[in-house]
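In the working numbering, the protein residues as written are 167 to 852. Read the structure below first, then the notes.
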Amino acid sequence: MSGQSISVAPGRQSSKPHQFDQNMFTNLLAILDDQTFMKEILDTHAPDERDVDVQSLFHLVEEILGEATAIVDSIVDRKGTRGSGSPAFKPLKEGTQGYGSPAFEPLKESFNPTLAAINEVACQITCKALDTNNVRKTLESLFNELLSYSWVTKAVIALSSLALSYGDFWRLARTPPSDKLAELTAILKGLPAITNPSNWQKIQVYGDLNERIKTTLTMTKCIVDFEHDSKGFPELSTMIDLPSSIYQIIISVLACSIQFTSLISLVDDYKGKDLPALDRKVNGIYLAIKGQSDIIKHKKEEIEEERRLKRIFKKPTDNVALIRALFYIKNDPQPLVIGSELNIKYQVESLRRKNVMVLISDLNMSHDDLSILKKIYSDPKFKEHRYEIVWVPIIDREGKEVNDQFQKLRVQMPWYSVFSLGLIYKLAIKIMKEEWQLRQETTVTVLDPQGRVSVQNAMSITRFWGLGPILFPGHPWMADGNFFALLVTDEIFPDRHEIMKPENYILLYGAEDGQAIQDIEKPLQKIKGDGIPLVSRKVINMPLFWRHLGSLMHLILTWKIDENMREALMRDVLNLYTNLKKDRGFAVLTKGSQIVTNDSIVTVTDVLSQYETNWKKQVKEERKDFDKAFVDVRNRLNDHPPCLNFYIPTTVADIPGYVKCPDCQGKMKTYVNCECCCRGAHIVNH
Numbered sequence: 167m168s169g170q171s172i173s174v175a176p177g178r179q180s181s182k183p184h185q186f187d188q189n190m191f192t193n194l195l196a197i198l199d200d201q202t203f204m205k206e207i208l209d210t211h212a213p214d215e216r217d218v219d220v221q222s223l224f225h226l227v228e229e230i231l232g233e234a235t236a237i238v239d240s241i242v243d244r245k246g247t248r249g250s251g252s253p254a255f256k257p258l259k260e261g262t263q264g265y266g267s268p269a270f271e272p273l274k275e276s277f278n279p280t281l282a283a284i285n286e287v288a289c290q291i292t293c294k295a296l297d298t299n300n301v302r303k304t305l306e307s308l309f310n311e312l313l314s315y316s317w318v319t320k321a322v323i324a325l326s327s328l329a330l331s332y333g334d335f336w337r338l339a340r341t342p343p344s345d346k347l348a349e350l351t352a353i354l355k356g357l358p359a360i361t362n363p364s365n366w367q368k369i370q371v372y373g374d375l376n377e378r379i380k381t382t383l384t385m386t387k388c389i390v391d392f393e394h395d396s397k398g399f400p401e402l403s404t405m406i407d408l409p410s411s412i413y414q415i416i417i418s419v420l421a422c423s424i425q426f427t428s429l430i431s432l433v434d435d436y437k438g439k440d441l442p443a444l445d446r447k448v449n450g451i452y453l454a455i456k457g458q459s460d461i462i463k464h465k466k467e468e469i470e471e472e473r474r475l476k477r478i479f480k481k482p483t484d485n486v487a488l489i490r491a492l493f494y495i496k497n498d499p500q501p502l503v504i505g506s507e508l509n510i511k512y513q514v515e516s517l518r519r520k521n522v523m524v525l526i527s528d529l530n531m532s533h534d535d536l537s538i539l540k541k542i543y544s545d546p547k548f549k550e551h552r553y554e555i556v557w558v559p560i561i562d563r564e565g566k567e568v569n570d571q572f573q574k575l576r577v578q579m580p581w582y583s584v585f586s587l588g589l590i591y592k593l594a595i596k597i598m599k600e601e602w603q604l605r606q607e608t609t610v611t612v613l614d615p616q617g618r619v620s621v622q623n624a625m626s627i628t629r630f631w632g633l634g635p636i637l638f639p640g641h642p643w644m645a646d647g648n649f650f651a652l653l654v655t656d657e658i659f660p661d662r663h664e665i666m667k668p669e670n671y672i673l674l675y676g677a678e679d680g681q682a683i684q685d686i687e688k689p690l691q692k693i694k695g696d697g698i699p700l701v702s703r704k705v706i707n708m709p710l711f712w713r714h715l716g717s718l719m720h721l722i723l724t725w726k727i728d729e730n731m732r733e734a735l736m737r738d739v740l741n742l743y744t745n746l747k748k749d750r751g752f753a754v755l756t757k758g759s760q761i762v763t764n765d766s767i768v769t770v771t772d773v774l775s776q777y778e779t780n781w782k783k784q785v786k787e788e789r790k791d792f793d794k795a796f797v798d799v800r801n802r803l804n805d806h807p808p809c810l811n812f813y814i815p816t817t818v819a820d821i822p823g824y825v826k827c828p829d830c831q832g833k834m835k836t837y838v839n840c841e842c843c844c845r846g847a848h849i850v851n852h
């Protein structure tokens, strides 16, 4: 019609028009909230293996409805009534390919638009729906027709049926002057009356319907995109209640079709135009589905990014690619500085072909760990073997105080660190924690030039042996498997080499309670004064000892050693850790470096306190060895409890799946123990 309106009144139809029941829309509105009926309808779902190209079918429908709704928008806007309009719309000229959108891409030759189902559904949502005036029966019939199709295919076929009639009707509203047949057909369908400026009210009704059809199209697109996007992403598959959404979309399609059919059948009647409640309901459904769709798209992007990062950590091309992933390089291509030299910034590429020790910590990094790393960094062998350190702080808090702490700690480090906390990519840090099993507050992971992890937690190793195991990991650093030798490092027991003689008895003890220390030191003084070759050492720096114990546990779990040795060492360290947790103190008595007892400070204090009255005679007069007499008294005073238990801290990586009982060698049961010490000891057991 060349963009013109033809003022020719439509002829009176010879057949009796459909009788429209205004209650149909009220019933449709009620059915949208009828959970019982919805369940009955959805239970008919019985999909078979038929192959339907849903993406191509929807793309075809999207093009048809896009063209048709653009035509209606242009008519509605030209009359000055409401409508979203189509700014790019121009009346069709001869030789052009379509309305307001690029040329339609050809479909595959194998494309089958399920014509039989589309035509049958089209009949049901138009003539039959108006004939029966019973939307429940219509919906039952619709879902019965579609029962063998997948959920998304049901919605797309229903929408295709609406597009068939809607697109066919409105294509006649814009025809080139040469298409006489289309122009005459448009007159027969009553289009000139609809587009006539005097029919402003009728045009407004069509504008409202057009908006609902666009809303229904967008809802369906969300569902089609969801099905497509969730393939290969099992995490997304349950994020939308697909059956309920399809049910709602098909009801919306039916409502649009009933109103459209009634309008074009009763040209001079405006029945069906007052549908604000239904429109509000459909818009509410649309907002819910669109909101879910947006969340899913965002979640998919997160999953894809997470997978990308995991690929980098699992199979890095080199250390630069891996370290770059830790920072927002787009925000700053030079994210690194060295120490306090903030005026000189470095690219991650400066680490290429080097071994990199990635230091990960919060702002509470201990002075002891910092001193150990400084000592390693200043070792000439460190640079000779092409090693570098990069500090990546992991901080959950923000603010000026946090940034000041960060700056203060960074200037103490003579190696690479990030220029700004805002450059740290938190998702990459999350993946790094998972892949490298980072559970301790301060860890060091060593990367070779190819980005492969050569040492999982070098911080634990350096606390014991310094740089040696990093440069020479093949050396048997834990060959003898002596627990006490591993326990008493220079930081804890500075004069250990002088006093760890085979004939000496050594007592190492520590407690978080000052009274427990006083209680054990009283009998110790008497025993030493009695000529017993007993050397005692108190752990002064308990936080350092806790870290040392965690490092030892990590070493035992991860170092390549004999499994029998690992089990024995693990029992010793767990026993000591448990004594610290249960009685807040421990005591380890040895002869030379061989363990006599690894016990609670309370138990050892009880035994030593009875020396004068109970077992001094055995040692001094009967010449019984001090260690044997001690064990005899300890066993008499403290019978084994019916249940033996260990505490295992989750701050170490690779927590064992089970621990063997030192008595019966059976597998010990495992429980979870949650503790918070912000107001004392609050413990919840599971």
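Cβ coordinates follow ideal geometry from the N, Cα and C atoms, glycine included.
- Residue ranges of each alpha helix (DSSP H) run of no fewer than 4 residues wholly in the region 688–747, ordered along the chain? Fully enclosed alpha helix (DSSP H) runs of 4 or longer: 708–724.
- Integer-rounded CB distance, given that residue 451 should sit under 8 angstroms from residue 385: Yes, residue 385 and residue 451 are in contact; Cβ-Cβ is about 7 angstroms, under 8 angstroms.
- In chain order, each alpha helix (DSSP H) run of at least 4 residues that lies wholly inside the region 607–685: Runs found: 624–631, 634–637, 649–653, 662–665.
- Buried or exposed: where does residue 781 fall if 16 or more other Cβ atoms within 10 Å of its Cβ makes it buried? Residue environment: residue 781 is assigned as buried (16 or more neighbouring CB atoms within 10 Å of its CB, all protein chains considered).
- Message: Can you tell me whether residue 296 is helix, strand or coil according to DSSP?
- Response: Three-state DSSP puts residue 296 in a helix.
- Answer yes or no: do residue 449 and residue 301 have a C-beta to C-beta separation smaller than 8 angstroms? Going by C-beta atoms, residue 449 is not nearer than 8 angstroms to residue 301.
- Message: Would you call the region 758–773 in contact with the region 666–677, where contact means no fewer than 3 C-beta pairs closer than 8 angstroms?
- Response: Cβ pair count under 8 angstroms is three or more, so yes.
- Message: Just to confirm, is the Cβ distance from residue 705 to residue 722 under 8 angstroms?
- Response: Against a cut-off of 8 angstroms, the Cβ pair of residue 722 and residue 705 comes out as no contact.
- Message: Can you tell me whether residue 598 is helix, strand or coil according to DSSP?
- Response: Residue state for residue 598 is assigned as helix, using DSSP reduced to three classes.
- Can you tell which of 453, 312, 702 has its C-alpha closest to the C-alpha of residue 382? A check of alpha carbon separations from residue 382 across 453, 312, 702 identifies 453 as the nearest.
- Could you tell me which uninterrupted alpha helix (DSSP H) segments, each at least 4 residues in length, are contained entirely in the region 405–465, listed from first to last along the chain? Every alpha helix (DSSP H) of 4 residues or more that sits fully in the region 405–465 is shown, in chain order, as 408–431.
- Query: For residue 313, does the three-state DSSP call read helix, strand or coil?
  - Reply: Coil at residue 313, not helix or strand.
- Item | Supposed close pair residue 715, residue 652 - CB separation, criterion 8 angstroms | Cβ-Cβ separation between residue 715 and residue 652: approximately 10 angstroms, too far for a contact (criterion under 8 angstroms).
- Query: CA-CA distance, residue 853 and residue 508?
  - Reply: Past the edges of the chain, shown from 167 to 852, lies residue 853, and the structure says nothing about it.
- Item | Simplified DSSP state of residue 857, which is helix, strand or coil | As displayed, the chain neither begins before 167 nor continues past 852, which places residue 857 out of reach and without an answer.
- Rounded separation between residue 341 and residue 283 - CA only: C-alpha of residue 341 to C-alpha of residue 283: approximately 29 angstroms in a straight line.
- Item | Chain-order list of residues whose beta-carbon lies under 7 angstroms from that of residue 551 (same chain, five-residue window excluded) | Excluding positions up to five away in sequence, the list reads 521, 637.
- Apart from the five residues on each side of it in sequence, which residues of its chain come closer than 7 angstroms, Cβ to Cβ, to residue 749? Around residue 749: 766, 767, 768.
- Which same chain residues, not among the five before or five after residue 372, have their C-beta less than 8 angstroms away from its C-beta? Excluding residues within five positions, the ones whose Cβ falls inside 8 angstroms are 238, 241, 242, 360, 429.
- Item | Inter-residue spacing [alpha-carbon to alpha-carbon] between residue 556 and residue 468 | Between residue 556 and residue 468, the alpha-carbon positions lie close to 27 angstroms from each other.
- Return no unless some Cβ of chain C is closer than 8 angstroms to the Cβ of residue 533. Of the protein chains in the structure, only one exists, and it is not chain C.
- Message: Going by C-alpha to C-alpha distance, which of 497, 347, 326, 578 sits closest to residue 513?
- Response: Nearest option by C-alpha distance: 497.
- Residues of its chain near residue 434, where Cβ-Cβ distance is below 6 angstroms and the 5 sequence neighbours each way are ignored: Because the pLDDT at residue 434 is just 46, under 50, the model does not fix this residue reliably, and the value given afterwards should be weighed accordingly. Nothing meets the Cβ criterion.
- Straight-line Cα distance separating residue 196 from residue 403: Cα to Cα, residue 403 sits roughly 29 angstroms from residue 196.
- Message: Can you confirm whether the region 606–626 touches the region 470–490 when touching is taken to mean that 3 or more C-beta pairs between the two stretches lie within less than 8 angstroms?
- Response: The region 470–490, when compared against the region 606–626, does touch it at the 8 angstroms Cβ threshold.
- Distance, residue 625 Cα to residue 473 Cα: If you take the alpha carbons of residue 473 and residue 625, they lie about 28 angstroms apart.
- Task: Would you identify the three-state DSSP class for residue 180, choosing helix, strand or coil?
- Result: Annotation note: pLDDT 40 at residue 180 (below 50); position unreliable, no value reported.
- Own chain, CB closer than 7 angstroms to residue 335, minus 5 neighbours either side, in chain order: If we look at residue 335 and ignore the five residues flanking it on each side, its Cβ neighbours are 355, 430.
- Where residue 395 falls: helix, strand or coil (DSSP): Helix.
- Task: Starting from residue 286, follow the alpha helix (DSSP H) in both directions and report where the run begins and ends.
- Result: That run of the alpha helix (DSSP H) goes 281–289.
- Message: Less than 8 angstroms between the beta carbons of residue 797 and residue 763, yes or no?
- Response: A contact, by the Cβ cut-off of 8 angstroms.
- Would the beta-carbon of residue 503 fall within 8 angstroms of that of residue 495? Cβ atoms of residue 503 and residue 495: not closer than 8 angstroms.
- Would you check if the distance between the CB atom of residue 491 and the CB atom of residue 475 is smaller than 8 angstroms? Contact: yes.
- Item | Boundaries of the alpha helix (DSSP H) in which residue 349 is found, first to last residue | Boundaries of the alpha helix (DSSP H) around residue 349: 346–355.
- Query: Could you give the distance in angstroms between the alpha-carbon of residue 603 and the alpha-carbon of residue 595?
  - Reply: A straight-line Cα-Cα distance of about 11 angstroms links residue 603 and residue 595.
- Query: Should the region 677–697 be regarded as contacting the region 648–666, the criterion being three or more beta carbon pairs within less than 8 angstroms?
  - Reply: Contact fails: fewer than three Cβ-Cβ distances are below 8 angstroms.
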